[in-house]
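This report concerns only the one structure given below.
Protein chains: 4
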Amino acid sequence: MHVTLEHAEKAIAAARKKALELNTQMCIAVVDSGANLKAFIRMDDAWVGSIDIAIKKATTSCFFGMATGQLGQLSQPGKPLYGIEHSNDGLITFPGGVPIVDEDGVLVGAIGVSGSVVENDHAVAEAGVKVLGVTELPEHPWRT
Amino acid sequence: MHVTLEHAEKAIAAARKKALELNTQMCIAVVDSGANLKAFIRMDDAWVGSIDIAIKKATTSCFFGMATGQLGQLSQPGKPLYGIEHSNDGLITFPGGVPIVDEDGVLVGAIGVSGSVVENDHAVAEAGVKVLGVTELPEHPWRT
Amino acid sequence: MHVTLEHAEKAIAAARKKALELNTQMCIAVVDSGANLKAFIRMDDAWVGSIDIAIKKATTSCFFGMATGQLGQLSQPGKPLYGIEHSNDGLITFPGGVPIVDEDGVLVGAIGVSGSVVENDHAVAEAGVKVLGVTELPEHPWRT
Amino acid sequence: MHVTLEHAEKAIAAARKKALELNTQMCIAVVDSGANLKAFIRMDDAWVGSIDIAIKKATTSCFFGMATGQLGQLSQPGKPLYGIEHSNDGLITFPGGVPIVDEDGVLVGAIGVSGSVVENDHAVAEAGVKVLGVTELPEHPWRT
Numbered sequence: 001m002h003v004t005l006e007h008a009e010k011a012i013a014a015a016r017k018k019a020l021e022l023n024t025q026m027c028i029a030v031v032d033s034g035a036n037l038k039a040f041i042r043m044d045d046a047w048v049g050s051i052d053i054a055i056k057k058a059t060t061s062c063f064f065g066m067a068t069g070q071l072g073q074l075s076q077p078g079k080p081l082y083g084i085e086h087s088n089d090g091l092i093t094f095p096g097g098v099p100i101v102d103e104d105g106v107l108v109g110a111i112g113v114s115g116s117v118v119e120n121d122h123a124v125a126e127a128g129v130k131v132l133g134v135t136e137l138p139e140h141p142w143r144t
Numbered sequence: 145m146h147v148t149l150e151h152a153e154k155a156i157a158a159a160r161k162k163a164l165e166l167n168t169q170m171c172i173a174v175v176d177s178g179a180n181l182k183a184f185i186r187m188d189d190a191w192v193g194s195i196d197i198a199i200k201k202a203t204t205s206c207f208f209g210m211a212t213g214q215l216g217q218l219s220q221p222g223k224p225l226y227g228i229e230h231s232n233d234g235l236i237t238f239p240g241g242v243p244i245v246d247e248d249g250v251l252v253g254a255i256g257v258s259g260s261v262v263e264n265d266h267a268v269a270e271a272g273v274k275v276l277g278v279t280e281l282p283e284h285p286w287r288t
Numbered sequence: 289m290h291v292t293l294e295h296a297e298k299a300i301a302a303a304r305k306k307a308l309e310l311n312t313q314m315c316i317a318v319v320d321s322g323a324n325l326k327a328f329i330r331m332d333d334a335w336v337g338s339i340d341i342a343i344k345k346a347t348t349s350c351f352f353g354m355a356t357g358q359l360g361q362l363s364q365p366g367k368p369l370y371g372i373e374h375s376n377d378g379l380i381t382f383p384g385g386v387p388i389v390d391e392d393g394v395l396v397g398a399i400g401v402s403g404s405v406v407e408n409d410h411a412v413a414e415a416g417v418k419v420l421g422v423t424e425l426p427e428h429p430w431r432t
Numbered sequence: 433m434h435v436t437l438e439h440a441e442k443a444i445a446a447a448r449k450k451a452l453e454l455n456t457q458m459c460i461a462v463v464d465s466g467a468n469l470k471a472f473i474r475m476d477d478a479w480v481g482s483i484d485i486a487i488k489k490a491t492t493s494c495f496f497g498m499a500t501g502q503l504g505q506l507s508q509p510g511k512p513l514y515g516i517e518h519s520n521d522g523l524i525t526f527p528g529g530v531p532i533v534d535e536d537g538v539l540v541g542a543i544g545v546s547g548s549v550v551e552n553d554h555a556v557a558e559a560g561v562k563v564l565g566v567t568e569l570p571e572h573p574w575r576t
């Protein structure tokens, strides 16, 4: 199952609303459960460098079914996944990417946000996911 | 000067309307005048392979300030620009990419569409550009 | 708005003068506000490996509207942006890249310098930017 | 032996003069005999897509010690080098790249030009090389 365009746009609209409340300029990307881009916006004055980061946060989060910040705790020097960022044509492992899981616990995609401090990036991504209904992740969410 | 998000979304909405009229499923990308992604949608059931093609049509069209189909006439075997597709990390030189030029003749971005036969791709891209007001290109449109 | 070739060459000339004063051999790159290369020189005997570093310092600095060294403080192990270098086909996050901002506070491009110790690289980049008039960055410089 | 920065800049100045005479906006790249970038300019209003093409014309011409247009005759469908453009991270095999050979017949670098019709691109590249003294190529020029 994949996130529909209708849902992707709903998530982006909610994320953007949150970005405006935080007075930030964000790039917001949604990928489906194949980690393929579904929808994207770059708000005016957002960093050009955030385009790729937002997309990579979404793909990273989808690739492993977890928030990017969680993965980043495991990829620090001395930790089990040190250097994982070199895989998959580049991962981004700091906060701002969150999986989208449907009401049956199935991973249907992910959202990635970049453009401010990572706390804001993550808050905006969460706002996008929340509008679709599910933020609690099952232990190993996966797609059908 | 760069296309704003408001304009990019207006162009995508018009392109999508045209895509629905043609009963097609399209990927639609808008880049700014630096050829950096501004907005993107993939309609449900559109080919995953069209994501990259739509984006590359937009960047190709921006890179050279002309419709991708025009460039493609020059890149055929035996023609002056044969093999140009090998530059810039890959160009797409068949129809479906159109520059966005403002009322002063300045290139502000480009739109790229992929998902159907190239005539439809081009028609959908044109529909997107038309809503922003300008479809006639100056001889050498460029950004300020 | 983009840096003109006249300005880019003025910046490179000033940077090169500084490089000679410091008795260094530098690669010096200028990109416009779309992070696309505008002008470049490699001084005789400069490291070949510095070509790509100088260009990446310029693009990195343009992508995020800040000096590369600032970004590098945030990308250390345990810091919020650890691993950001994996985005955008490779960033360089140690000193030597500086944004070029015009008198209205608009980002018009960036300069990147590589070839010596990072203190020298940064000093040469700053010398290049200074001749264009603005070295104080607004909080979120951006292009129009 | 490698082209010096002094010579590279002399070649670029001559090429640029020719570009202005032809009323064109060009990207002009010079590489050394290792095919590594030595100097580059993008004239105002030149296509952004020409940056990479100018550099690839210079590297292609250096890689094989011949004008890019010569190579392009051999890479057409049915010809011996069909598809050679897929090597070396992308070659450009239409006119506009010319080797720089010193008075002893040694290849010291190459110049690549992009931004207009290929006849103009080649003429501008030739004007750049001519100012360094040698345009007649030995059968297999090479570097020491």
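Chains as they are written, first to last, in this note's numbering: chain A, 1 to 144; chain B, 145 to 288; chain C, 289 to 432; chain D, 433 to 576.
Beta carbons: idealized from backbone N, C-alpha and C, even for Gly.
task = Determine the DSSP secondary structure at D:Phe526, reduced to helix, strand or coil.
result = Correct three-state label for D:Phe526: coil.
ask   = Quick one, which residues of the region 166-189 of chain B are near chain A if we go by CB-CB under 9 Å, in chain order?
value = Answer in chain order: Cys171, Ala173, Asp176, Gly178, Asn180, Leu181, Lys182, Ala183, Phe184, Ile185, Arg186, Met187, Asp188.
Span separating the alpha-carbon of C:Lys418 from that of C:Ile329 = Taking the straight line from one Cα to the other gives about 18 Å.
task = Less than 8 Å between the CB atoms is what I'm expecting for A:Asp32 and A:Gly109, so what's the real figure, rounded?
result = Contact between A:Asp32 and A:Gly109 holds: their C-beta atoms lie close to 5 Å from each other, under 8 Å.
inquiry  = Give me the subset of the region 489-511 of chain D whose CB atoms are less than 7 Å from a CB atom of chain C, sorted by chain position.
reply    = Under the 7 Å Cβ criterion, the region 489-511 of chain D contributes no residue.
request  = List the endpoints of the continuous alpha helix (DSSP H) containing D:Lys511.
outcome  = Per DSSP, D:Lys511 belongs to no alpha helix (DSSP H) and is neither H nor E.
key: Assigned secondary structure, C:Ala327 (DSSP; H/G/I helix, E/B strand, else coil)   = Residue state, collapsed to three classes: strand.
7 Å Cβ cut-off: residues of chain B touching D:Glu517 = Within chain B, the residues near D:Glu517 are Gly227, His230.
ask   = Which first and last residues belong to the alpha helix (DSSP H) in which D:Ala490 is found?
value = Under the DSSP assignment, D:Ala490 falls in the alpha helix (DSSP H) whose first and last residues are 482-496.
ask   = Nearest-angstrom Cα distance between D:Lys489 and D:Val530?
value = D:Lys489 and D:Val530: Cα-Cα distance of roughly 8 Å.
key: Between the CA atoms of C:Gln361 and B:Asn232 - distance to the nearest angstrom   = Roughly 31 Å between the two C-alpha positions.
C:Asp333 - DSSP class collapsed to helix/strand/coil = Correct three-state label for C:Asp333: coil.
ask   = So with Cβ pairs under 8 Å, would you call A:Leu132 a contact of chain B?
value = When Cβ-Cβ separations below 8 Å define contact, A:Leu132 makes no contact with chain B.
request  = Note down, in chain order, each residue of its chain lying with its Cβ closer than 6 Å to the Cβ of D:Ile485, except the 5 sequence neighbours on either side.
outcome  = Ile524, Ser546.
query = Beta-carbon separation of C:Ile339 and C:Leu325 under 8 Å?
reply = Remark: C-beta atoms of C:Ile339 and C:Leu325 do not approach each other more closely than 8 Å.
query = Using 8 Å as the limit for Cβ to Cβ distance, is A:Ile51 near chain B?
reply = Closer than 8 Å: yes.
key: beta strand (DSSP E) segment containing A:Ala110, residue limits   = That run of the beta strand (DSSP E) goes 107-114.
message = Counting C-beta neighbours from all protein chains within 10 Å, is the total for D:Gln457 16 or more, i.e. buried, or is it exposed?
response = Burial call: buried.
ask   = Looking at chain B, which residues of the region 96-115 of chain A have a Cβ within less than 8 Å of any of its Cβ atoms?
value = Here the close residues number zero.
inquiry  = Using the three-state DSSP reduction, which class does D:Asp553 fall into: helix, strand or coil?
reply    = D:Asp553 carries a helical assignment under DSSP once its states are collapsed to helix, strand and coil.
ask   = Who pairs with D:Val463 in a beta bridge, going by DSSP?
value = Listed as beta-bridge partners of D:Val463 by DSSP are D:Leu469, D:Ala542.
ask   = B:Val245 bridges to which residues according to DSSP?
value = For B:Val245, which the question treats as bridged, DSSP gives the partners B:Leu251.
inquiry  = Going by DSSP in three states, D:Thr576 sits in which element: helix, strand or coil?
reply    = With a pLDDT of 49 at D:Thr576, under the threshold of 50, the predicted position of this residue should be treated as unreliable, and no value is reported.
ask   = Within this structure, are the beta carbons of C:Leu310 and C:Ala411 separated by less than 8 Å?
value = For C:Leu310 and C:Ala411, yes; Cβs fall inside 8 Å.
inquiry  = Given this structure, state the Cα-to-Cα distance separating B:Ser118 from D:Cys494, to the nearest angstrom.
reply    = Residue numbering for chain B in the displayed model covers 145 to 288; residue 118 of chain B lies beyond these limits and cannot be assessed.
inquiry  = Below 8 Å on C-beta distance, what does A:Val48 contact in chain B?
reply    = The CB of A:Val48 comes closer than 8 Å to the CB of Gly178, Asn180 in chain B, given here in chain order.
request  = Compute every distance between the C-beta of B:Trp191 and the non-hydrogen atoms of the ligand GDP, then say whether any falls below 7 Å.
outcome  = In the structure on display, the ligand GDP does not appear, and there are no ligands present to speak of.
request  = For chain B, find out if any of its Cβ atoms is closer than 8 Å to the Cβ of A:Leu5; answer yes or no.
outcome  = For A:Leu5, the nearest CB of chain B lies under 8 Å from its own CB, placing it at the interface with that chain.
ask   = So with Cβ pairs under 8 Å, would you call D:Leu452 a contact of chain B?
value = Taking Cβ atoms only, chain B never reaches closer than 8 Å to D:Leu452, which makes this a no.
key: Close Cβ partners of D:Asp476 (< 8 Å) along its chain, the five nearest in sequence each way excluded   = Answer for D:Asp476: Gln457, listed in chain order.
query = In angstroms, rounded to a whole number, what distance separates the CA positions of A:Ala15 and B:Gly256?
reply = One C-alpha to the other measures close to 25 Å.
ask   = So which of A:Ile84, A:Ala29, A:Gly69, A:Thr60 has the shortest CA-CA distance to A:Leu5?
value = Here the closest residue by C-alpha is A:Ala29.
request  = Sort D:Cys459, D:Phe496, D:Gln502 by Cα distance to D:Asp553 and report the nearest one.
outcome  = It is D:Cys459 whose Cα lies nearest to the Cα of D:Asp553.
task = Would you decide whether B:Arg287 is buried or exposed? Buried here means 16 or more other CB atoms lie within 10 Å of its CB.
result = For B:Arg287, the predicted model reports a pLDDT of 49, less than 50, meaning its position is unreliable; a value from the coordinates is still stated below. The residue is buried, with at least 16 neighbouring Cβ atoms inside 10 Å.
inquiry  = I need the boundaries of the alpha helix (DSSP H) containing A:Leu71, first residue and last residue.
reply    = Looking at the DSSP string, the run of the alpha helix (DSSP H) that includes A:Leu71 is 68-74.
ask   = Given that a residue counts as buried once 16 or more other Cβ atoms are within 10 Å of its Cβ, and exposed if not, what is A:Gly90?
value = It is buried - the Cβ of A:Gly90 has at least 16 other Cβ atoms within 10 Å.
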